[in-house]
Amino acid sequence: MFVSEQRAYIKSELVRTNRKHDFHVRQRFSWDCGLACAEMVLRARRVHAGIDARTLRSIVQTTSVWTIDVAYLLAALGLKLKYYTLQAGVRQEYRKQPFYMEHLDADSERVQALFDAAAKNGVRVEERAVSLEWFKSSIALGRILIVLVDKRFLTCQICSKSAQSLASSAVERLYPGFLGHYIMVYGYDQELDSFWIKDPATSKKSCLIRARVLESARRAFGTDEDVLCIADYTGSPCVSLLPFGIELQEESALNVAEVMS
Ligand SMILES: [Zn+2]
1 MFVSEQRAYI
11 KSELVRTNRK
21 HDFHVRQRFS
31 WDCGLACAEM
41 VLRARRVHAG
51 IDARTLRSIV
61 QTTSVWTIDV
71 AYLLAALGLK
81 LKYYTLQAGV
91 RQEYRKQPFY
101 MEHLDADSER
111 VQALFDAAAK
121 NGVRVEERAV
131 SLEWFKSSIA
141 LGRILIVLVD
151 KRFLTCQICS
161 KSAQSLASSA
171 VERLYPGFLG
181 HYIMVYGYDQ
191 ELDSFWIKDP
201 ATSKKSCLIR
211 ARVLESARRA
221 FGTDEDVLCI
231 ADYTGSPCVS
241 LLPFGIELQE
251 ESALNVAEVM
261 S
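Note that full-length UniProt numbering gives residue 19 to position 19 of the sequence shown, counting from 1, and the numbers run on in steps of one.
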């Protein structure tokens, strides 16, 4: 494709994907990108429509959100998912990373306990790397991925630098080095060899990132190559994971294929 053709193609695909995948959620704070991604999953699956960000925050009960927290949150809400990571636990070599420094000691025990009790709580953890081919086939199967990336590597083919939120650039200044950030990956364009993502740091409904860009962002040191793969909605929330006082309404999920096709 010529550059002009490619631009027109991206533009028309952007309109199409925004209309079809109209479930963007922007993060409210510097720390809640993982929760915003979880909220997007609920919207995409059209379940727990009435749940708000405040309720999600009260379920996780921490402002230092790890991938395992997001996994527990989604399991608590009845979503069927699998968590892929290189190491099911807290890696001590992250101790020197400014991004982790502040919370690692305080979080180590809590996070390890969540990993240890994962299977018992319906959170399936698999210790292995996944490939980009795996990403493509998972998306083709209608699955949604929440991916931990190093935000510094994330560049969108559509947005300019100025589209990035001021909040996130403030965080960038605060933490030199690895900058952990959660994004949702929900589409793949073979023509452009690029992935459609939703980045909770921006107000843009969809971003388009090249496969090799995603690859460097998600495999950067600090991510543990964490990926949450959300299959569908089982309709049986794991009530034991919900803090006392939070009750969920029974809901019936729509056909996932219809939502994701
Ligand atoms: Zn973008």
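For every residue, glycine included, the Cβ atom is placed at its ideal position computed from N, Cα and C.
Predicted, not measured: the structure shown is a model, and the values here were computed from it.
1) Here's the rule I'm using: 16 or more other beta-carbon atoms within 10 Å means buried, otherwise exposed. How should Ala217 be labelled?
2) Please report the distance separating the alpha-carbon of Val65 from that of Ala8.
3) Under the three-state reduction of DSSP, which class applies to Lys205: helix, strand or coil?
4) Is it the case that the CB of Lys204 approaches a heavy atom of ligand 1 more closely than 8 Å?
5) For Glu225, which three-state DSSP category applies?
6) From Ala163 to Leu208, what does the alpha carbon distance come to, in whole angstroms?
7) Taking buried to mean at least 16 other C-beta atoms within 10 Å of its own C-beta, is Phe135 buried or exposed?
8) Taking its Cβ as the centre, do 16 or more other Cβ atoms sit within 10 Å of Ile68, making it buried, or is it exposed?
9) For ligand 1, is there any heavy atom lying closer than 8 Å to the beta carbon of Asp107?
10) Measuring alpha carbon to alpha carbon, tell me which residue in Asp193, Ala38, Val111 is nearest Gln6.
11) Give the secondary structure of Ser30 by DSSP, where H, G and I count as helix, E and B as strand, and everything else as coil.
12) What are the start and end residues of each continuous beta strand (DSSP E) run of 3 or more residues lying completely inside the region 26 to 108, in chain order?
13) Assuming Arg26 contacts Ser206 (C-beta within less than 8 Å), just tell me the rounded distance between them.
14) How many Å lie between Thr17 and Arg54 at the Cα?
15) Under three-state DSSP, which class holds Ser162?
16) Compare the Cα-Cα distances from Arg210 to each of Pro200, Gln190, Cys229 and report the closest residue.
17) Look at the alpha carbon of Ser4 and the alpha carbon of Ala201, and state the distance between them as a whole number of angstroms.
18) Could you tell me the distance, in whole angstroms, from the CA atom of Ala49 to the CA atom of Ala119?
19) Looking at Pro243 and Leu77, is the spacing between their C-beta atoms short of 9 Å?
20) Identify every residue that forms a DSSP beta bridge with Phe195.
21) Between the C-alpha atoms of Val41 and Val185, what's the straight-line distance to the nearest angstrom?
In terms of the structure at hand:
1) buried
2) 39 Å
3) coil
4) yes
5) coil
6) Residue placement at Ala163 cannot be trusted, given a pLDDT of 43 that sits under 50; the coordinates are not used to answer.
7) buried
8) buried
9) no
10) Asp193
11) coil
12) 79 to 85
13) Rounded, the Cβ-Cβ distance is 13 Å, inconsistent with contact.
14) 28 Å
15) Unreliable positioning characterises Ser162 in this predicted model, as indicated by a pLDDT of 44, which lies under 50. A coordinate reading is not provided.
16) Gln190
17) 28 Å
18) 27 Å
19) no
20) Tyr188, Ile209
21) 10 Å
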